[in-house]
Each structure stands twice: as C-alpha cells, then as structure tokens.
Amino acid sequence: MQIVEEPFGSGIVVRPIGRLDSTTAPAAEQAIREAMTRSGHRLLLDMGDLDYVSSAGLRVVLAAAKQSNAASGRFLVCDLKPQVRQVFELSGFTRIISIVATRAEAEL
Amino acid sequence: MPARTIPIGPTLDDLQPVAEFVETFCAEEGVPDGAAFHLSLVVEEAASNVIRHGYAAGGREGSLSMERDGDSVTVEIVDDGPPFDPFSIAVPDFDTPLMDREVGGLGVEMMRRMTDRQSYRRDGDRNRLTLIKHI
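Chain order of the listed sequences is V and D.
Numbering (this note's numbering) for the first sequence: 1 to 108.
Numbering (this note's numbering) for the second sequence: 109 to 243.
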C-alpha cells in the first residue's frame, strides 16, 4: 500500500491507496500515527483511493481518532467509496468518526 | 464446480495470497462485485482469526475452501487450533463512546451481516466454520 501525505489547512491530509487490511494495517497505522503527531493532531484521512477496509483497517481509523481526541485535536475522514462507507455503517463508525463527503468540505 | 482450496499461512502477510484466491474465485465464478466484496471481507476476518487465535495457540494447519453451487457460495475455513467458536463473541455495543470503543467483535459481526448462513462446529480436533452467501 502507498500512502500520500501533504499539508492541508492547519494540519495534514493522508491518503492511503489500495487496501487497508490485515496485511497493510500495521504500516498504515504507524504512518498515520506519525503524521498525526507531526500535524499537531489535526489530520484529514482522505479515503478516495481506498477500495477496501476490513476490521483491521477500522482499528487503524479508531486509533487515529482516539489519538487526536486525547490531544484535543481534529480528525476527519472524507471521500468514502460506497463499499467502504458500508463497512463504516455496519461497524457503527459513522456515529463516532467525523466524516465529510469530500476534501473540499473538510476544514482543519 | 468442485471446491477450490488454499492453505492459510502462518503470518498476517500470508493473507495476501488468500485475498488473491478469493478475488480469482469470484472473477472466474462470475460473482457480482458487491457479493465479491463481502466474501473478501468475511474470508479475511475468518482467516485472520485462524492466524491470531488458532496458530497463536498452537494450531499449525488451516485452510480455506470456496465452492459455488447455483446461486450461493459456500466458504469453509478449517483449522487445528484450540476450539474457538467465533459466534460466541458478543456483538459490539455501538453506543460506546469513542475513547472506550474497541474493534473486537466487528469481524464476526461482518460475517453475520454479510453472509446468509453461518455455522461453527468442532470436527474432531478441528474447527470448521461454514459461511454461505446467496449471490
């Protein structure tokens, strides 16, 4: 999996590409954790190029949300593909994670 | 078509060939995209349980079999780890606040919600998990 990172507003946007699954989750978790710290805990996770998220991937998203929350930061997720949104909904993540439709609607 | 089978390797990296096996199966059997996505997910959840629970507790052999029969696909995951019934795991409480939320139980919840029939039985010294999905 490739992860693209760039400045965004007062923080950082991170865009993982491909699959966030049991195999790719450990590296993604580390990359996002480090970006979260560098960004002053203001991070947008752009899922526009993510085709697949399993519970291992959800664990990464949850860890990022907790990390940001613990530091009174800001964590947003945007651009969920329909199948990824389905996994978020089935898992109750749409209730606990701040989700916006597109990057243009995200403010950090 | 007879069932196709692939061994489940010992590490989480070994789930990559398992994922490719599911994709190839679904493509060759003409499984629609939505159902194929669900099958990929439930296989990953079940196979990662074999690695995390079964192998970590002394199991050495696990396998995935898939078979299409008419309008349904049967997924069978067998391993020789200690008895482990995934459906004994509680459904996650979605009202738990963020900081107390954990991911445990979500994989099993996906199996329940993304397949039409689920069963577990201890078969001799093996766990046998069967998931059936109508496509």
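C-beta atoms are modelled at their ideal positions from N, C-alpha and C, and glycine is treated no differently.
Here the structure is a predicted model, which is why all the values come from computation and not from measurement.
query: Looking at the strands, I want to know which residues DSSP matches up with H242 of chain D.; result: D:S180
query: At least one CB of chain V closer than 9 Å to the CB of P205 of chain D: is that the case?; result: yes
query: Identify which residue in D:M222, D:M218, D:F145, D:V151 has its Cα closest to the Cα of P115 of chain D.; result: D:V151
query: Checking the sheet assignment: what are the DSSP bridge partners for P7 of chain V?; result: V:I12
query: Between the region 88 to 105 of chain V and chain D, which residues of the former have a C-beta closer than 7 Å to a C-beta of the latter?; result: L90, S91, G92, R95, I96
query: Given a threshold of 16 other Cβ atoms within 10 Å of its Cβ, counted over all protein chains shown, does D187 of chain D qualify as buried or as exposed?; result: buried
query: Starting from R229 of chain D, follow the alpha helix (DSSP H) in both directions and report where the run begins and ends.; result: First-last for R229 of chain D: 225 to 231, but that is the beta strand (DSSP E), not the alpha helix (DSSP H).
query: Quick check on the DSSP output: the beta strand (DSSP E) that includes S98 of chain V runs from which residue to which?; result: 98 to 100
query: Could you check what DSSP says for T204 of chain D in three-state terms: helix, strand or coil?; result: coil
query: Tell me the rounded alpha-carbon separation between A101 of chain V and K66 of chain V.; result: 21 Å
query: If you measure between the beta carbons of L50 of chain V and F75 of chain V, is that distance less than 9 Å?; result: no
query: Given a threshold of 16 other Cβ atoms within 10 Å of its Cβ, counted over all protein chains shown, does V245 of chain D qualify as buried or as exposed?; result: Because chain D spans 109 through 243 in this model, residue 245 of chain D falls outside it and cannot be assessed.
query: Return helix, strand or coil for G117 of chain D, following the three-state DSSP convention.; result: coil
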